[in-house]
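Report on one structure; see the data block that follows.
There are 2 protein chains.
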Amino acid sequence: MKSAVDLHAVIMAGGSGTRFWPLSRKRRPKQFLPIVSEKTMIEETYRRIRRIVPGRRVFTIADAPQSRSIRRLLPALPAANVLIEPRARNTAASLILATAHVHRRNPEAVVAVLASDHLILDEPLFLKKLEAAAEAAFRTEGLVTFGVQPTYPATGYGYIQFDQAGGRDFAGEPFYPVRAFREKPTREAAAAFLESGDYAWNSGMFLWRASVFARALERDSPAFFPFWQRTREALDKKSSKTLIRIFEEIPALSIDYALMEKAKGTLVCAGDFGWSDVGAWSALGEIWPRDDQGNARRGDVVAVESRGNIICNPGKLTALIGVENTVIVQAGDVLLVCRKDRDQDVKKVLDLLRGGGKTKHL
Amino acid sequence: MKSAVDLHAVIMAGGSGTRFWPLSRKRRPKQFLPIVSEKTMIEETYRRIRRIVPGRRVFTIADAPQSRSIRRLLPALPAANVLIEPRARNTAASLILATAHVHRRNPEAVVAVLASDHLILDEPLFLKKLEAAAEAAFRTEGLVTFGVQPTYPATGYGYIQFDQAGGRDFAGEPFYPVRAFREKPTREAAAAFLESGDYAWNSGMFLWRASVFARALERDSPAFFPFWQRTREALDKKSSKTLIRIFEEIPALSIDYALMEKAKGTLVCAGDFGWSDVGAWSALGEIWPRDDQGNARRGDVVAVESRGNIICNPGKLTALIGVENTVIVQAGDVLLVCRKDRDQDVKKVLDLLRGGGKTKHL
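Chains as they are written, first to last, in the working numbering: chain A, 1 to 362; chain B, 1001 to 1362.
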């Protein structure tokens, strides 16, 4: 039986992380790079969602230069669906704008908010769960989210505490009531979360009925609800000037902080479909094909007693001798060599470059 | 007072080592690379010796393709002085040919045999000692060599055992009688040599009067003396066909093995002028300028908690994070990353490339 849900997707494409430098640069963030496959991550995201959502119901949201990249990479996407943030104001503003677009089409439509730069290994399971989550969002008065079972006490993710007892099925999948959203924890808190068993990583993927989103803002986020109302009206009046003014005034907060942490009746579903946010170079050690010494690589590699490295040097030869657990990336005019457990410190290099006026490498 | 010695220099330029791969390649060995300074090592060698030897008395010896490189790099050198080995037959054959050329000009001329790819830090002292050694070669019936005070129990050099008691001065420098030449020792033997104090590293630089060289071959190297006679005659007859035949028949042995180990009356002088054969990448850690974390480098480097590295990536930026004691070389289509104490294993990479048919990278 075909679902009655009018499912729309919003692909968040506005990120500008630096963690894949020097492959990613200021004007070419991770979602526009072929990090995981031969295609860029946003192309993979679009291809995946298109299996269950027609193109006219897929939106992207990003700033103007990024939107030009999106138009080039996703030529099949209707131009009107490439939503442009008039100003960079974090995810609450972006999702108010995108949801308002969907609301204008159909207040009872369900919006699936997707990151443009995440990896999903088990695509059929993901799509099945996404349809179930859409059903949950359509049938209830709550927001819906995906939580990922933690495998280590990560301090780089937010956590979702949920109630294992009160599960409820939609389309054959169990959904649990959310007790609380927790921001990125300390190492100790993360260890306790892992131990307790009723915390999941916040995947950053959400679903909501447009009308439910509006009501949740009205009830739980009084600071943002007026911006929702003004945005919704601006769309009816097709006033881009008003939109600019709204984006100048709206607080630059994440949707987690602006709404998810405050909303009541939110449900969480297990995101056990091989999810990864591919947060930094070291993540590719588990994703790229590996040689028999555990070296994950792009490009030709000759390794003499070298193990556990991640090499990105496509089209060239990389020779390793006695090198272990090292990230090696050649991109354009920059070579990065970084101990695998220090890949978070790429930003220190960027700070040094900025300080030294070497901005052309950023 | 000007010396009476008619000093000639022979620059041995025929080597084809692989230890600076991937900067050095099959057709571009170390002597033709600007490893130590902005100029190639053979240009530095020529410039240095020209301070005391006029160009018409400087010879090079190498194979035909290498000789083309020499002509290009040393345009001031008379074409007739660029001697070509008809076949690659190791250093005994080359030095018989080169010394025969000098002998034809003047049997009492002194030949200084120089490597084309060694570093000498204290150039004035080197030239002073070289003139003293030329004096010793001119005044005695012996061969003369430079020995370098060992600083560690190296197994990669030959050793010269000498008699500290029997020193004799020439031009104010002491020369000691050589007791024996020892080939590359085991680690244990090298430690004993270092301990004893009467062993020096064989620098591979030699001096001899042409007529003394001929008599030493006649007396101590009966296998090679006939080749000397035939070579000397072939030069008088200008018969390149005969030279080719000689090079086809002559044993491919080093001059150390063919003559130095057997000759009597050899003298050694202390080569304490900052000599290095720049044997592999790690040697550059002591030679190239270093940043305050001890990273020796060519090219722009940004280092975050990274120490003791050697980076060759000219014209580009290299960023290091948590990397220590590693050699990093970007050259053409190849990137080498190698633990500093494993730089001798570059040949293992080349063996793997040869085995895999990837000969374009050699």
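Every residue gets a Cβ at the ideal spot worked out from N, C-alpha and C, and that includes glycine. Quick caveat, the model's predicted, so the values are computed rather than measured.
Is residue i close to chain B? Criterion is C-beta to C-beta, closer than 8 Å.
i	result
ASN295(A)	no
CYS312(A)	no
ASP277(A)	no
GLY322(A)	yes
VAL302(A)	yes
HIS118(A)	no
MET1(A)	Its pLDDT being 46, under 50, MET1(A) is placed unreliably by the model, and the measurement read from it follows with that caveat. For MET1(A), the answer is no, since every Cβ of chain B falls outside 8 Å of its Cβ.
ASP6(A)	no
Going by other Cβ atoms of all chains shown within 10 Å of its Cβ, with 16 needed for buried, is residue i buried or exposed?
i	result
THR1359(B)	exposed
ILE244(A)	exposed
ASP256(A)	buried
ARG1354(B)	exposed
SER94(A)	buried
ARG1089(B)	buried
THR151(A)	exposed
ARG219(A)	exposed
THR1186(B)	exposed
ASP236(A)	exposed
Give me the Cα-Cα distance between residue i and residue j, rounded to the nearest whole angstrom.
i	j	result
ALA192(A)	TYR157(A)	14 Å
GLN344(A)	LEU1320(B)	13 Å
ALA154(A)	VAL82(A)	34 Å
ALA1171(B)	ARG1182(B)	28 Å
PHE162(A)	ALA180(A)	7 Å
ALA1223(B)	GLU1248(B)	15 Å
ALA136(A)	ARG298(A)	41 Å
GLU305(A)	ASP291(A)	12 Å
LEU121(A)	LEU73(A)	22 Å
ARG1168(B)	PHE1175(B)	5 Å
LEU253(A)	SER116(A)	19 Å
GLN1149(B)	GLY1271(B)	7 Å
LYS128(A)	PHE213(A)	23 Å
VAL986(B)	LEU1007(B)	A question about residue 986(B) goes unanswered here, because the residues of chain B that appear run from 1001 up to 1362.
TYR46(A)	PHE227(A)	29 Å
ALA283(A)	ASP63(A)	27 Å
ASP1198(B)	GLN330(A)	49 Å
GLN1066(B)	PHE1206(B)	22 Å
VAL1178(B)	GLY1265(B)	7 Å
ARG68(A)	TRP1021(B)	43 Å
GLY1166(B)	LEU1267(B)	10 Å
ARG1028(B)	LYS1347(B)	16 Å
GLU85(A)	ILE70(A)	13 Å
PRO1124(B)	LEU1143(B)	23 Å
VAL102(A)	MET41(A)	24 Å
THR1091(B)	GLY1014(B)	9 Å
TRP1275(B)	ILE1287(B)	11 Å
ARG1232(B)	LEU1097(B)	8 Å
HIS1118(B)	LYS26(A)	45 Å
LYS1039(B)	LEU1033(B)	8 Å
ASP277(A)	ILE35(A)	12 Å
Please confirm if residue i has its CB atom under 8 Å from at least one CB of chain A.
i	result
HIS1101(B)	no
LEU1317(B)	yes
LEU1033(B)	no
ARG1339(B)	yes
ARG1371(B)	The first residue shown for chain B is 1001 and the last is 1362, placing residue 1371(B) beyond what the model contains.
ASP1292(B)	no
Thinking residue i and residue j are a contact (beta carbons under 8 Å), I'd like their distance in whole angstroms, please.
i	j	result
ILE328(A)	VAL1337(B)	6 Å
ARG19(A)	ALA258(A)	Incorrect: roughly 24 Å between the Cβ atoms, too far for contact.
SER987(B)	GLU1108(B)	It is not possible to answer for residue 987(B), since the shown part of chain B is limited to 1001 through 1362.
VAL113(A)	MET12(A)	6 Å
VAL1005(B)	ALA1189(B)	About 37 Å; that fails the 8 Å criterion.
List, in order along the chain, the chain E residues whose C-beta lies closer than 9 Å to that of residue i?
i	result
ILE1052(B)	No chain E appears in this structure, whose protein chains are A and B.
* Asked: Quick one, which residues of the segment 1008 to 1020 of chain B are near chain A if we go by CB-CB under 9 Å, in chain order?
  -> So the list is empty, because no residue satisfies the distance condition.
* When Cβ atoms are compared, which residues of the segment 327 to 356 of chain A fall closer than 8 Å to chain B? -> Those residues of the segment 327 to 356 of chain A placed with their C-beta closer than 8 Å to a C-beta in chain B are ILE328, GLN330, ASP333, VAL334, LEU335, LEU336, VAL337, CYS338, ARG339, ASP341, ARG342, ASP343, ASP345, VAL346, LYS348, VAL349, LEU352, LEU353, GLY356, ordered along the chain.
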